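Colleague:
Numbering (our numbering), first residue to last: 6 to 135.
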């Protein structure tokens, strides 16, 4: 057990003595009133270093989503933003949802192409029968 001289003079929210080692002032880094500005700078610096930079190209995003190509562009951007994120359950769920959205968009595109081919074939057949 630490003696009172080896402990910070401050008390915790529960009223117990802070268990951290004191500096020359008798307070630990977290409780030293003279180091308040230093702690604030460290918090800001830590917060700015924990941000993940954008990886997607926002300029490639369409202004409005009206076509399958627009949907795929939004999905590509979202995937580029998601991959570098810290691994978590939320990220995993988002990746699964994105995968499903890609599959559905690709299916829709293939279906559109098939319908267009059928329509074209029927149009040619109709012209040949005349």
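Here a beta-carbon is modelled for each residue, glycine too, at the ideal position from N, C-alpha and C.
All values derive from a computational prediction rather than experimental measurement.
In this structure, does DSSP put residue 98 in helix, strand or coil?
Modeller: The sequence position of residue 98 within the chain shown is 93, counting from 1. In this structure, residue 98 counts as helix in the three-state DSSP scheme.
Colleague: Using the beta-carbon count (16 or more within 10 Å), is residue 36 buried or exposed?
Modeller: As a first step, residue 36 is located in the chain shown; it is residue number 31 there, counting from the start. So residue 36 ends up on the buried side.
Colleague: Of all the alpha helix (DSSP H) runs that stay within the bounds of the region 24 to 85, which reach a length of 4 or more residues?
Modeller: The region 24 to 85 contains these whole alpha helix (DSSP H) runs: 41 to 54.
Colleague: Helix, strand or coil, according to DSSP, for residue 22 in the structure here?
Modeller: Taking the chain shown and counting its residues from 1, the one referred to as residue 22 is at position 17. In the structure shown, residue 22 sits in a strand (DSSP, three-state: E or B).
Colleague: State yes or no: is the C-beta of residue 14 within less than 8 Å of the C-beta of residue 41?
Modeller: By one-based count along the chain shown, residue 14 stands at place 9. By one-based count along the chain shown, residue 41 stands at place 36. No; because the gap between Cβ atoms is not below 8 Å, this pair is not in contact.
Colleague: Which class does residue 12 belong to by DSSP, given the choice of helix, strand or coil?
Modeller: Start at 1 with the first residue of the chain shown, and residue 12 comes out as number 7. In this structure, residue 12 counts as coil in the three-state DSSP scheme.
Colleague: Evaluate contact between the region 63 to 71 and the region 91 to 100, counting only Cβ atoms and requiring at least three cross-stretch pairs below 8 Å.
Modeller: With a cut-off of 8 Å, the region 91 to 100 and the region 63 to 71 do not count as touching, because too few Cβ pairs lie within range.
Colleague: For residue 91, does the three-state DSSP call read helix, strand or coil?
Modeller: Here residue 91 refers to the residue found at position 86 when the chain shown is read from its first residue. It is coil, neither helix nor strand.
Colleague: Can you name, in chain order, every residue of its own chain whose Cβ lies under 8 Å from the Cβ of residue 78, other than the five neighbours on each side?
Modeller: The residue given as residue 78 occupies position 73 in the chain shown. Same-chain partners within the cutoff: 65, 66, 67.
Colleague: Less than 7 Å between C-beta atoms, sequence neighbours within five positions excluded: which residues of the same chain meet that for residue 111?
Modeller: To locate residue 111, count along the chain shown from 1; it is residue 106. Nothing listed; no residue qualifies.
Colleague: Where residue 89 and residue 105 are concerned, what is the direct C-alpha to C-alpha distance, given to the nearest angstrom?
Modeller: Residue numbering aside, residue 89 sits at position 84 when the chain shown is read from its first letter. Residue numbering aside, residue 105 sits at position 100 when the chain shown is read from its first letter. C-alpha separation (whole angstroms): 19 Å.
Colleague: With 16 as the cutoff for other CB atoms within 10 Å, does residue 27 come out buried or exposed?
Modeller: Residue numbering aside, residue 27 sits at position 22 when the chain shown is read from its first letter. Looking at its Cβ environment, which holds 16 or more other Cβ atoms inside 10 Å, residue 27 is buried.
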